[in-house]
Each structure stands twice: as structure tokens, then as C-alpha cells.
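Residue numbers (the numbering used here), protein chains in the order written: chain A, 1 to 243; chain B, 244 to 486. Note that CB positions come from ideal geometry on N, CA and C, so glycine has one too. Single-structure report; data block below.
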DNA sequence: GAGTGGTCTAGACCACTTT
DNA sequence: AAGTGGTCTAGACCACTCA
């Protein structure tokens, strides 16, 4: 087979070469959205590999949204709808350190009790549920960097009641003490309220980027957190991955 | 083999059951960050499957950031650093339609020429590069929904020069006419400038959520776009996936 | 050197979908 | 009924890394 020639000791795995080849054909405009892609059998023959290897290449392309697969009818180039983007939301202390700045943490307020109805909804909790309400400020080289307001559901994480959070931030503590969790994130822009503006040392009404996070553990809400960043400086950036 | 007993016609693939089992152990607190996970050989024996199947389960957990794998030293529960979140940035027309609203598109301005230095940098272009500058407004039920400002690199996509974009939005046209592309997204919050505020029918200085997108084709920038949404209404939401 | 993960094979059977 | 993808096996060899 001339196709299987030029072994050239393939440092890159075969399934990657298949993926790269198909991706290149698409990027070159050779294959357009909706166009059919050779089946697993054909690809296996073309690349001189087993069907499993061709299958893996096509499966990964499918998971990445590059192609669409349907039984019987085969594999086609996906027609891109929206964009699915991998967003990294780093830990604030690591983020500040990565910028080469001195990280500072301060607990502004610690308050225990039954939260208001709006927060109760976020916690998916009943009226008798108690929550730990924490207000924190994170600084980079002394400059306010992130304002954090957080509620921890004490029904789900009762151990949190005994922690004072004066030294360790709630995020770091939770990551160390609560196993693993599902998460939901909501991104929005808002005008800073007077208190937030003062804490972040920005003008009232300045735009802030807000990240709301809820995490679950076995179906119950662990915590609801609001992270507020000065909009003028803060950016969330997605890497450009697919080469 | 007693291990292979109880066929029970497993509707869910074995590799999924292995993944689910390990995830459950982690979420139950049975396995904590840093704890070792049985190797592929051991898992294969435990679940009565081949090593390939166990390998796939562990590989996918690793790709999802749940575990960390290293040769020789084995597989361990990952210690969560930041959070990697899958963000869906939908097409504005589909997004509006999905809300059950009437989608409206208007081209406000179409301008051809050499862009200013700031935009030239974004396009990674030289001083002689010409770009098509488009300004568009997207509406939902007649209400301004998104303001779009876009530059298309005519070195990369010369065909765009002949399109008038009066009827079809630049995003839709590009998706149909330019193969596939890498993308970079930047999210930020800002105060609306007077012109944007007027177009979006919001007060000046109101917070807006801005999404900047650049796409590449074979190493060259196709387009740089800025999407601006009224911050009061617009939310970007990540699904809570891992069950 | 030994043990782990990473890849690959050449088969196999099944599930789904379209004809 | 036939053709496609989805899963799985029981081996194999290699690469990396730790002891």
C-alpha cells in the first residue's frame, strides 16, 4: 500500500495524525460543513490502522464538535452553531500570584443565621436552614482585586460553622474539606453599588464583572458565591487551543 | 469467571459505569484529593473487563480534570485548582429565537479601509492591510439586544469585500463561507459609551457585558468582533454537567 | 529494572437508522 | 436487510519515570 508507506517512525500517535489530517482538510476549505467524511473502515484502510484507531480519531473530533456522527448515515463536518468555549476560572490567590503580585486576604464580615429569601432560593434550602455568610476582600499588592460574598449551606457542610475564616479563604477551605462538586457559573456585568465601589476603590456606578458560582454535592447546594471584579482591569480569557 | 457474572444486560457501557463508580466514591468523600486510584489492571479485574476499557474510563476522567495520571506513579484524585468551565456562546439569532422572540438584524455602518493601529494589532496585520468594518445591531422583539462591531481581515477573507451584509449578519456569513477556525474570547465588563448606550437604549454609563472574539484560519486572523450586551439583562450561564 | 500508563491490533457483537 | 457507529476483548509493544 502506498498510503501506508513512509513509516517515518510516527512520534505522534496515529489517531492524532488522523484528527490533524481531517482538521487540516476542513481548515483548508477542502471539506465544508455538511460534507461527508470517510467512514471508520475507509479511514482505517487509508491510514493503514485498525478500525479502533480510526474510531477514536472520529469520536474525539465528534466530542470536540468538529464533526457530527449518526449511525447508518455516517460522519459529516459539523455546521458550527454557537461556540463552545473552555473558560478557566482560576483561584484568586493563584491568579494573583501568577501575576507576580503579593496576595492579600481579609475577612470583612462573618455572619451566621437564616438567609433572606433570595439567597435561600440560591441555596435551594428551606426556611429553617442556617447559612454562614462571609464577606471577603482579596488584594493584589494591596490593591483591591476581588470582592467575595458567600453563603455556605450549613445543612450540607456543618463543619464550616466552627471555622473562623480569618486566615484561610472560604474557597481554599472548601476545596480542602469538601470532596468534589458540580458547579454552575453565571457571568454578568453590573454597576457597582456604593459599598462594593468603596471596597474595590472604584467610582460608584463603575462597571464590575460578576461571577456567581453555586456548587452541589450529591444533589444539595454547598455554597453560593458572588465574585466581583473591577471591570476596568479584569478580563476572562479563553485560550485558543485547536491548532 | 465469577467476575463476569451477572450480565444483567448492562445498558450503560462498562467504561461509563467505572467512571460513575469512581466519581461517586470521590463525591461521597471516600476518595479525597491526592488519594490513589486503582491502576488499570486492578480496575479491569475489579469490573471484569479488559484493560482497554478501564483505560478509557481513567483517560476520560483525566481529560475532565477529575484525576491526574502519571506513568509509574499511577492515578490519583486531582486536587482542584481553579475551575474549567464549558461556556456556550450561542449565535445571537439562535439565542433570540430560542427565547421565543422575533429576531431583528440591522446593518448600521459598512466601512472599508485600513484600520487604526489598535485594531490592526488585533488583526495581527500590517499597515497595508485593508479591513471591512461593520457595525450591526441585533434586536429581540424590536428591543436592542446586542451591539456588534466587527472587522474582517480582507487579506484573509477577500471575498467579504463584495458582500454588503445588509440582509445577512457577518457572523452567519462567515460561518457559511469560512471553513473552520480557532477562536479566542475575552469577556469583560465596561460602562457604556454614549453611542453604545443610545443604540442599546440604555443609560450612559450603564454596565455592559462585552465579548471580544478573534478567529484564525491557518495562522491568520479572520476577524475581530466586539459584542456588547446590556448588563442588566444579559447573563452567560454554564450548565452544571457532571452529575 | 520494574511498574505504570499510552497506544495499537484484528477480530467480535450489538444498536441504531435508513432503505 | 444492510450499513454505519459504539463498545469490547485479549493480547501486544513502547515510553516514561521512579526506585
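On the DSSP bridge assignment, give the partners of residue i in chain order.
i, result
"residue 331 of chain B", "A:84"
"residue 470 of chain B", "B:391, B:454"
"residue 504 of chain B", "This structure gives no information on residue 504 of chain B, because the portion of chain B shown stretches from 244 to 486."
"residue 157 of chain A", "Answer is none; residue 157 of chain A lacks a bridge partner."
"residue 136 of chain A", "A:107, A:148"
"residue 131 of chain A", "A:113, A:153"
"residue 216 of chain A", "A:182, A:221"
"residue 143 of chain A", "A:140"
"residue 191 of chain A", "A:207"
"residue 479 of chain B", "A:187"
Quick check on this structure: which residue in the options has the alpha carbon closest to the alpha carbon of residue i?
i, options, result
"residue 357 of chain B", "B:346, B:303, B:396", "B:396"
"residue 130 of chain A", "A:64, A:160, A:68", "A:160"
"residue 480 of chain B", "A:195, A:201, A:185", "A:185"
"residue 193 of chain A", "A:125, A:168, A:209, A:20", "A:209"
"residue 469 of chain B", "B:432, B:482, B:446", "B:432"
"residue 136 of chain A", "A:199, A:102, A:95", "A:199"
"residue 462 of chain B", "A:13, A:235, A:14, A:27", "A:27"
"residue 277 of chain B", "B:259, B:260, B:321, B:383", "B:321"
"residue 122 of chain A", "A:95, A:183, A:99, A:98", "A:183"
"residue 141 of chain A", "A:66, A:196, A:101, A:164", "A:101"
"residue 280 of chain B", "B:361, B:318, B:418", "B:318"
"residue 328 of chain B", "A:117, A:213, A:234, A:128", "A:213"
"residue 353 of chain B", "B:407, B:255, B:254, B:361", "B:407"
"residue 203 of chain A", "A:167, A:169, A:21, A:229", "A:229"
"residue 401 of chain B", "B:420, B:410, B:262", "B:420"
"residue 119 of chain A", "A:93, A:96, A:149", "A:149"
"residue 355 of chain B", "B:405, B:342, B:334, B:339", "B:405"
"residue 410 of chain B", "B:464, B:370, B:308, B:350", "B:350"
"residue 459 of chain B", "A:239, A:215, A:233, A:97", "A:239"
"residue 173 of chain A", "A:195, A:197, A:91", "A:91"
"residue 233 of chain A", "A:52, A:66, A:99", "A:99"
"residue 66 of chain A", "A:103, A:181, A:21, A:97", "A:21"
"residue 169 of chain A", "A:116, A:103, A:49", "A:103"
"residue 454 of chain B", "B:474, B:438, B:444, B:440", "B:474"
"residue 50 of chain A", "A:13, A:30, A:116", "A:13"
"residue 17 of chain A", "A:116, A:48, A:30", "A:48"
"residue 307 of chain B", "A:235, A:196, A:181", "A:181"
Less than 7 Å separating the beta-carbons of residue i and residue j?
i, j, result
"residue 82 of chain A", "residue 331 of chain B", "yes"
"residue 62 of chain A", "residue 69 of chain A", "yes"
"residue 40 of chain A", "residue 24 of chain A", "no"
"residue 133 of chain A", "residue 146 of chain A", "no"
"residue 285 of chain B", "residue 258 of chain B", "no"
"residue 434 of chain B", "residue 207 of chain A", "yes"
"residue 465 of chain B", "residue 399 of chain B", "yes"
"residue 337 of chain B", "residue 205 of chain A", "no"
Between residue i and residue j, how many whole angstroms is the CB-CB distance? I'm expecting something under 8 Å.
i, j, result
"residue 179 of chain A", "residue 275 of chain B", "7 Å"
"residue 151 of chain A", "residue 224 of chain A", "5 Å"
"residue 323 of chain B", "residue 175 of chain A", "6 Å"
"residue 46 of chain A", "residue 19 of chain A", "With a Cβ gap of about 14 Å, residue 46 of chain A and residue 19 of chain A do not count as contacting."
_Chain-ordered residues of the stretch 172–184 of chain A with a beta carbon less than 7 Å from chain B_ = For the stretch 172–184 of chain A, the residues whose beta carbon sits under 7 Å from a beta carbon of chain B are, in order, 175, 179, 180, 182, 183, 184.
*Check each residue of the stretch 461–474 of chain B: if its Cβ is closer than 7 Å to any Cβ of chain A, include it; give the result in chain order.*
Close to chain A, meaning a Cβ-Cβ distance shorter than 7 Å, are the following residues of the stretch 461–474 of chain B: 461, 474.
*Got a sec: which bits of the stretch 85–116 of chain A sit with their beta carbon under 8 Å from any beta carbon on chain B, in order along the chain?*
85, 86, 87, 88, 89, 90, 91, 94, 95
*the stretch 32–55 of chain A: which residues have C-beta closer than 9 Å to a C-beta of chain B, in chain order?*
32, 33, 52
*Residues from the stretch 371–389 of chain B in contact with chain A, defined by Cβ distance under 9 Å*: Per Cβ criterion, the list is empty.
*For the stretch 423–454 of chain B, which residues have a beta carbon sitting closer than 9 Å to at least one beta carbon of chain A?*
423, 424, 425, 426, 427, 428, 429, 430, 431, 432, 433, 434, 435, 448, 449, 450, 451, 452, 453
*Could you list the residues in the stretch 296–319 of chain B with a C-beta less than 8 Å from some C-beta on chain A, going in chain order?*
Flagged, chain order: 309.
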